[in-house]
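Please read the structure below before turning to the comments.
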Amino acid sequence: MKFSDFVASEAIRSQVHATTKEGVIREMAQSLVDSGKIAEADLESIVKAILKREELGSTGIGRGVAVPHTKHPSVGKLVGTVAVSQDGINFESLDGEPVQLFFLLVSPPDRPGDHLRALENISRQLRDEGFCQQLKAAKNPIDIQNLLVEADSHGVAT
Amino acid sequence: MMADSSPSVHSGDHSAATMSREVVVINAAGLHARPADLLAREARRWQSRIELVNDSQRADGKSILDLLTLAAEAGTRLVVEATGPDAREALEAIGSLFERRFNEHEDNPRS
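Residue numbers (my numbering), protein chains in the order written: chain F, 1 to 158; chain D, 159 to 269.
This is the structure in structure tokens:
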């Protein structure tokens with residue numbers, strides 16, 4: 001699976017305003033509403049579900065990266081977006097480091113495989129430290145989108 | 159014996175043999191973020207180098223990022239390899255995590 005298969009390009013944010021864990025999750029979910037990927041009516045329920053998942057263990061997986069996510073019956077296919085915090089946000093990460101790079105995923109409950117393949121793609125690409133650095137340094141959503149397209153073109157995830 | 163992560167050419171005096179066992183992902187959601195976290199935490203408790211291997215790739219058992227690249231769905235068979243003084247115990251502990259479905263209750267989709 002490629003980034004372009006699940007990342008809503010209009011929802012990408014290069015400079016989130018939020019400074020808290022809940023705030024950034026809310027801001028990213030709102031960006032999915034604004035880009036028409038999820039319904040306004042489902043926003044609260046999706047945000048709550050993502051926060052509930054975080055209670056089970058932070059999705060801050062280290063290296064300044066977090067993948068907040070949930071299953072939700074309102075989506076017919078996996079949708080996601082990317083956001084960068086310039087200052088970094090305390091996300092109770094597994095390595096204790098603040099998180100700058102966020103990949104938020106909402107997946108249909110009956111498609112665990114798609115969720116796994118999205119995680120696979122994200123983690124495979126992020127093993128490249130240079131790619132992480134470039135994303136964090138991106139100045140605007142278009143830069144991020146271009147980096148994702150470039151990664152898609154040579155990172156062949158099976 | 160510094161830098162234990164550097165690829166070492168010296169073929170140890172303690173002849174660190176690699177032990178392995180097969181595991182099967184039986185929790186319905188597969189090896190997603192939380193199981194990968196649990197697995198990496200367990201693997202880090204042991205001194206041995208631990209790798210998970212499927213048909214085409216190997217992942218460092220102590221790295222969540224690496225484990226997620228396996229995209230191991232329910233039903234996937236993996237081989238766990240442990241190399242080091244506590245390899246046997248590590249394999250047992252890791253095998254048991256898989257068998258316990260990473261403590262996941264088979265959640266019905268919220269609908």
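Idealized CB from N, CA, C, for every residue including glycine.
Among the options, nearest to residue i - alpha-carbon criterion
i	options	result
leucine 226 of chain D	F:Thr19, F:Leu135, F:Phe6, F:Asp114	F:Asp114
histidine 17 of chain F	F:Ser123, F:Ser85, F:Val75	F:Ser85
aspartate 152 of chain F	F:Asn140, F:Glu97, F:Ile122, F:Gln134	F:Ile122
leucine 51 of chain F	F:Gln125, F:Ile25, F:Phe6, F:Gly60	F:Ile25
proline 73 of chain F	F:Ile89, F:Leu43, F:Ser58	F:Leu43
alanine 240 of chain D	D:His190, D:Ser206, D:Arg259	D:Ser206
valine 181 of chain D	D:Leu196, D:Arg199, D:Leu210, D:Pro193	D:Leu210
isoleucine 89 of chain F	F:Phe6, F:Ile12, F:Glu22, F:Phe3	F:Glu22
phenylalanine 131 of chain F	F:Leu119, F:Ile38, F:Asn146	F:Asn146
glycine 233 of chain D	D:Ala245, D:Glu257, D:Asp244, D:Arg216	D:Glu257
alanine 159 of chain F	F:Leu119, F:Ala49, F:Gln125, F:Leu135	This structure cannot speak to residue 159 of chain F, because chain F is shown only from 1 to 158.
aspartate 5 of chain F	F:Ile38, F:Asp128, F:Glu150, F:Ala118	F:Ala118
Supposed close pair residue i, residue j - CB separation, criterion 8 Å
i	j	result
glycine 188 of chain D	leucine 116 of chain F	5 Å
proline 141 of chain F	serine 14 of chain F	5 Å
serine 31 of chain F	glycine 60 of chain F	With 8 Å as the limit, serine 31 of chain F and glycine 60 of chain F do not qualify as a contact, their Cβ atoms being about 19 Å apart.
leucine 249 of chain D	arginine 179 of chain D	5 Å
alanine 138 of chain F	threonine 81 of chain F	About 14 Å; that fails the 8 Å criterion.
asparagine 212 of chain D	phenylalanine 260 of chain D	About 17 Å; that fails the 8 Å criterion.
leucine 236 of chain D	alanine 230 of chain D	6 Å
glutamate 97 of chain F	glycine 76 of chain F	Glutamate 97 of chain F to glycine 76 of chain F, Cβ: 35 Å. No contact.
leucine 104 of chain F	histidine 69 of chain F	7 Å
leucine 126 of chain F	serine 107 of chain F	About 19 Å; that fails the 8 Å criterion.
leucine 148 of chain F	valine 7 of chain F	6 Å
Three-state class that DSSP yields for residue i in the structure shown
i	result
asparagine 266 of chain D	Bear in mind that a pLDDT of 42 at asparagine 266 of chain D, under 50, signals an unreliable position, so the model cannot answer this.
glycine 80 of chain F	strand
valine 67 of chain F	coil
proline 165 of chain D	Confidence in proline 165 of chain D is poor, its pLDDT being 39 and thus under 50, which makes the residue's placement too unreliable to answer from.
proline 141 of chain F	helix
phenylalanine 6 of chain F	helix
alanine 217 of chain D	strand
aspartate 171 of chain D	Note that aspartate 171 of chain D scores 42 on pLDDT, short of 50, meaning its location in the model is unreliable; the coordinates nonetheless yield the value given after this. Three-state DSSP puts aspartate 171 of chain D in coil, outside helix and strand.
methionine 160 of chain D	For methionine 160 of chain D, the pLDDT reaches just 42, beneath the cut-off of 50, and the residue's location in the model is therefore unreliable, although a value from the coordinates is still provided. Coil, per DSSP.
leucine 94 of chain F	coil
arginine 192 of chain D	helix
arginine 258 of chain D	coil
arginine 13 of chain F	strand
threonine 158 of chain F	Interpretation of threonine 158 of chain F is limited by its pLDDT of 43, a score under 50 that renders its predicted location unreliable; the figure taken from the coordinates is listed afterwards. Reduced to three states, the DSSP call for threonine 158 of chain F is coil.
arginine 117 of chain F	helix
serine 153 of chain F	helix
arginine 235 of chain D	strand
methionine 28 of chain F	helix
alanine 41 of chain F	helix
serine 35 of chain F	coil
arginine 202 of chain D	helix
aspartate 128 of chain F	coil
alanine 248 of chain D	helix
arginine 53 of chain F	helix
Bridge partners - residue i, DSSP secondary structure assignment
i	result
alanine 240 of chain D	D:Met177, D:Ile208
isoleucine 89 of chain F	F:Val99
valine 106 of chain F	F:Thr70, F:Val79
glycine 60 of chain F	F:Ala66
valine 183 of chain D	In the DSSP output, where bridge partners are listed per residue, valine 183 of chain D has none listed.
Partners in chain D for residue i, counting only beta-carbon separations shorter than 8 Å
i	result
threonine 59 of chain F	Ala191
glutamate 120 of chain F	Leu226, Thr227, Leu228, Ala229
leucine 126 of chain F	Leu223
Residue i: contacting residues in chain F (beta-carbon distance under 9 Å)
i	result
glycine 188 of chain D	Pro112, Gly113, His115, Leu116
Residue i: contacting residues in chain D (beta-carbon distance under 7 Å)
i	result
serine 123 of chain F	Leu223, Leu226, Thr227
Within chain F, the residues that residue i reaches when beta carbons sit closer than 8 Å
i	result
aspartate 195 of chain D	Gly57, Ile61, Leu94
Closer than 9 Å at the beta carbon, the chain D residues around residue i
i	result
valine 67 of chain F	Ala191, Leu226
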